[in-house]
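Each residue of the sequence shown is one higher than the one before, starting from 1 at the first, in full-length UniProt numbering. All C-beta atoms in this analysis are idealised placements derived from N, C-alpha and C, irrespective of residue type, glycine included. Keep in mind that this is a model prediction, so the values were computed, not measured.
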Amino acid sequence: MATASSQSWLDEEMTCSICLQVYTDPVTLACQHSYCRSCIEESSPQSCPECRAEVPGFRRLRLAKGAGDYLAVAPASAAAAPNSVLCSYCSRSRRQAVKTCLKCEASMCPIHLKLHTANGVFQTHPLVDTAADLSVWRCAEHEKLLDIYCKEDKVCVCTLCTLIGKHKGHNCGSISEGEQELRDNLQHHLKSIRRNVTSIQSSLQDLHTQKLTTQSLITETKREVKEKYDALRKHIENEERDVFHCLDKEQSRVTAAIDSHIRKLEKEIKFFEMCLVNLTDLSQKREKLAFIQGFNTMVTRIKNASEQLTSSQPGPCLDKIKLDRIKNHTQKNLELVSQVKRDRDRLISLYGQRLTPDLNTAHAQFILSDGNRILTLSPKRQSLPKNAERFDCCQQLLCAEGVKAGRSYWEVEVLGDSGVWKIGLCYRSISRKGKGTECLLGRNRNSWCLYSLVGSVLALHDDNDTKLTVGNISRVGVYVDFEAGTILFYSVCDRKLTLIHTFQEQTFTEALYPALQIGDFTTSLSLCTLK
1 MATASSQSWL DEEMTCSICL QVYTDPVTLA CQHSYCRSCI EESSPQSCPE CRAEVPGFRR
61 LRLAKGAGDY LAVAPASAAA APNSVLCSYC SRSRRQAVKT CLKCEASMCP IHLKLHTANG
121 VFQTHPLVDT AADLSVWRCA EHEKLLDIYC KEDKVCVCTL CTLIGKHKGH NCGSISEGEQ
181 ELRDNLQHHL KSIRRNVTSI QSSLQDLHTQ KLTTQSLITE TKREVKEKYD ALRKHIENEE
241 RDVFHCLDKE QSRVTAAIDS HIRKLEKEIK FFEMCLVNLT DLSQKREKLA FIQGFNTMVT
301 RIKNASEQLT SSQPGPCLDK IKLDRIKNHT QKNLELVSQV KRDRDRLISL YGQRLTPDLN
361 TAHAQFILSD GNRILTLSPK RQSLPKNAER FDCCQQLLCA EGVKAGRSYW EVEVLGDSGV
421 WKIGLCYRSI SRKGKGTECL LGRNRNSWCL YSLVGSVLAL HDDNDTKLTV GNISRVGVYV
481 DFEAGTILFY SVCDRKLTLI HTFQEQTFTE ALYPALQIGD FTTSLSLCTL K
């Protein structure tokens, strides 16, 4: 700051007040005011240009050498930056301008600006930051200075615009009035913005609080659910352990009895093998008395053993009644688990989705009502904007929500007569123009659907149909497991699900979008709000 101030003071002290340049061969008058020798000689004044004191003569200024030295460095110190606006009044070494007078159409350095503002005549001239192009401050139509503010059109205009131009008769004021009005308006907007910022900050705080509350609630719910499932798993494990224990006990009972019977039979077979050996040996004896005595003894023993063998009972049998009871109990438990898996309330709470029709895809004959929830086919085509997404021939519509991962479930209600309709899914890339199989739901590899055709229901995919044995369908539930490649269609009645058809082992390459088709004027399809 001190260097800049000193430089400014030095510029002022070393500047001739006639040519407004650094002194060249400076001289001083008796009144102690200094000028360039050439400036004072050319003007030949009778009095000092500044104080009007008489000029009897002048003498060389003692600062002449200093002025020369200053001239040697002044151009470098005051040199203008590249592409900067230069002072319009500097004649020798032009300094960089700091302000531009719109009235004079001149740019001024600090020295000339000081002289300009000191003159009362120029004090009303509008000053702006330096500008090389002054056309932005002039009226494009009349090439006059923009010195009036039109309050009606909120633009700056020239005087002629208000007298003979298109702003004649408008509510106008001075630039200063316009500035003050806009500054007041600015303050109003600043206050409004501050209020908005405060409101947004409050909303952010509320959202952060809501986020933390949600996270806390979900964490607590997970904990409670985990406790219940842990208890369920423990109960199932206990059930399994008890069943296995019962089966093991029955197995031990039967196998122990069988083992005892096996040991008895093994003992008997050894006896008969021994008898066989003894009889063979007896047959070799030649002594009559010994043969008779030995044979009778062996026959008696064999006869007694044979009678006991004949009267032995077979091994014990399994208690089939107990086994059947165990199997039935296990089957009931499995059916309960299976029922939980198919439970509608569970599907809704975990995977339920609210559908929104994509109006850009709707055929021109479709009429939507009840908040765009009910779809009906009209005999007349509506005048709708053409776009690449709209079905132009097939009376079909897609929903905005797609399934690209995980599981999802939704329902569509059939209203009116059981007519011609399709409820299904398709890729977003399904063709929209024409009425070929590439556009029709179920007639290509890009779509899957149920097809009701007055009295019969088919499952369609890739132009292959499967006839289904089902009764009247009033509501269809659709369940998708994207990763498993499975689509299930249910008939929904009294909040209960009945499986109609399953597409399984599919490989989905794109997101799946719910799709509808109506083929008669007596049937409507309603996108259900799941409860």
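Assuming residue i contacts residue j (C-beta within less than 8 Å), just tell me the rounded distance between them.
{"i": "Thr15", "j": "Gln21", "result": "7 Å"}
{"i": "His142", "j": "Cys172", "result": "Not quite, the Cβ-Cβ distance comes to about 15 Å (not below 8 Å), so this is no contact."}
{"i": "Cys139", "j": "His112", "result": "That belief does not hold up - the Cβ atoms of Cys139 and His112 are roughly 27 Å apart, past 8 Å."}
{"i": "Phe521", "j": "Gly485", "result": "Between Gly485 and Phe521 the Cβ distance is about 37 Å, and since that is not below 8 Å, they are no contact."}
{"i": "Cys512", "j": "Val403", "result": "Reading off the sequence shown, one finds Leu at residue 512, where the question assumed Cys. About 5 Å separates the two Cβ atoms, so the contact holds."}
{"i": "Leu525", "j": "Leu375", "result": "5 Å"}
{"i": "Arg344", "j": "Asp392", "result": "About 37 Å separates the two Cβ atoms, so there is no contact after all."}
{"i": "Glu250", "j": "Asp319", "result": "6 Å"}
{"i": "Leu282", "j": "Phe291", "result": "6 Å"}
{"i": "Val420", "j": "Ser452", "result": "7 Å"}
Look at the alpha carbon of residue i and the alpha carbon of residue j, and state the distance between them as a whole number of angstroms.
{"i": "Thr469", "j": "Ser408", "result": "25 Å"}
{"i": "Ala131", "j": "Val85", "result": "7 Å"}
{"i": "Leu497", "j": "Cys426", "result": "23 Å"}
{"i": "Ala231", "j": "His245", "result": "20 Å"}
{"i": "Ile258", "j": "Thr466", "result": "54 Å"}
{"i": "Gly169", "j": "Arg194", "result": "37 Å"}
{"i": "Leu488", "j": "Cys449", "result": "10 Å"}
{"i": "Cys275", "j": "Asp242", "result": "49 Å"}
{"i": "His461", "j": "Leu441", "result": "8 Å"}
{"i": "Phe272", "j": "Leu265", "result": "11 Å"}
{"i": "Thr117", "j": "Ala30", "result": "28 Å"}
{"i": "Pro357", "j": "Leu398", "result": "6 Å"}
{"i": "Lys474", "j": "Ser378", "result": "In the sequence as displayed, the identity of residue 474 is Ser instead of Lys. Approximately 21 Å, taken between the alpha carbons."}
{"i": "Asn446", "j": "Ile423", "result": "14 Å"}
{"i": "Gly406", "j": "Ile348", "result": "14 Å"}
{"i": "Gly66", "j": "Pro26", "result": "Residue placement at Gly66 is poorly supported in this model, since its pLDDT is 47, which falls under 50; the coordinates still yield a value, given next. Rounded to whole angstroms, Gly66 to Pro26 spans 10 Å at the Cα level."}
{"i": "Ala400", "j": "Phe482", "result": "17 Å"}
{"i": "Ser192", "j": "Thr100", "result": "35 Å"}
{"i": "Gln122", "j": "Lys103", "result": "The identity of residue 122 in the sequence shown is Phe, whereas the question assumes Gln. One C-alpha to the other measures close to 9 Å."}
{"i": "Val299", "j": "Glu287", "result": "18 Å"}
{"i": "Thr410", "j": "His501", "result": "According to the sequence displayed, residue 410 carries Trp and not Thr. Distance between the alpha carbons of Trp410 and His501: 15 Å."}
{"i": "Ile175", "j": "Ser429", "result": "60 Å"}
{"i": "residue 537", "j": "Glu50", "result": "A query on residue 537 cannot be resolved here, the shown segment of the chain reaching from 1 to 531 and no further."}
{"i": "Thr437", "j": "Arg390", "result": "16 Å"}
{"i": "Arg253", "j": "Gln331", "result": "25 Å"}
{"i": "Ala256", "j": "Ile236", "result": "30 Å"}
{"i": "Tyr89", "j": "Ile164", "result": "35 Å"}
{"i": "Gln382", "j": "Asp463", "result": "30 Å"}
{"i": "Gly178", "j": "Glu105", "result": "22 Å"}
{"i": "Cys528", "j": "Asp370", "result": "11 Å"}
{"i": "Val412", "j": "Val155", "result": "58 Å"}
{"i": "Arg495", "j": "Glu220", "result": "29 Å"}
{"i": "Asn185", "j": "Leu350", "result": "53 Å"}
{"i": "Cys19", "j": "Lys151", "result": "44 Å"}
{"i": "Lys303", "j": "Gln293", "result": "16 Å"}
So is residue i buried or exposed if we call it buried at 16+ other beta carbons inside 10 Å?
{"i": "Thr213", "result": "exposed"}
{"i": "Met108", "result": "buried"}
{"i": "Lys267", "result": "exposed"}
{"i": "Thr523", "result": "buried"}
{"i": "Ala515", "result": "buried"}
{"i": "Thr361", "result": "buried"}
{"i": "Gly434", "result": "exposed"}
{"i": "Ser491", "result": "buried"}
{"i": "Gly477", "result": "buried"}
{"i": "Ile40", "result": "buried"}
{"i": "Tyr229", "result": "exposed"}
{"i": "His363", "result": "buried"}
{"i": "Asn444", "result": "buried"}
{"i": "His167", "result": "buried"}
{"i": "Leu207", "result": "exposed"}
Which residues does DSSP pair with residue i in a beta bridge?
{"i": "residue 535", "result": "What is shown of the chain runs 1 to 531, which leaves residue 535 out entirely."}
{"i": "Cys31", "result": "Paired residues: none, contrary to the question."}
{"i": "Lys496", "result": "Cys493"}
{"i": "Val454", "result": "For Val454, which the question treats as bridged, DSSP gives no partner whatsoever."}
{"i": "His501", "result": "Phe489"}
{"i": "Arg475", "result": "Glu413"}
{"i": "Pro26", "result": "Cys36"}
{"i": "Ile423", "result": "Leu450, Leu516"}
{"i": "Asp481", "result": "Arg407, Thr486"}
{"i": "Ser526", "result": "Ile374, Glu413"}
Can we count residue i as close to the ligand HEM, meaning its CB is less than 7 Å from some heavy atom?
{"i": "Ser17", "result": "The model depicted lacks the ligand HEM and carries no ligand whatsoever."}
Whole runs of the beta strand (DSSP E) within the stretch 162–234, excluding any shorter than 3 residues | 172–174
For the stretch 75–156, which segments carrying the alpha helix (DSSP H) assignment without a break, of at least 4 residues, lie completely within its bounds, in sequence order?
-> 110–118
Can you list the beta strand (DSSP E) stretches of 3 or more residues lying completely in the stretch 367–402, in chain order?
-> 374–377, 396–398
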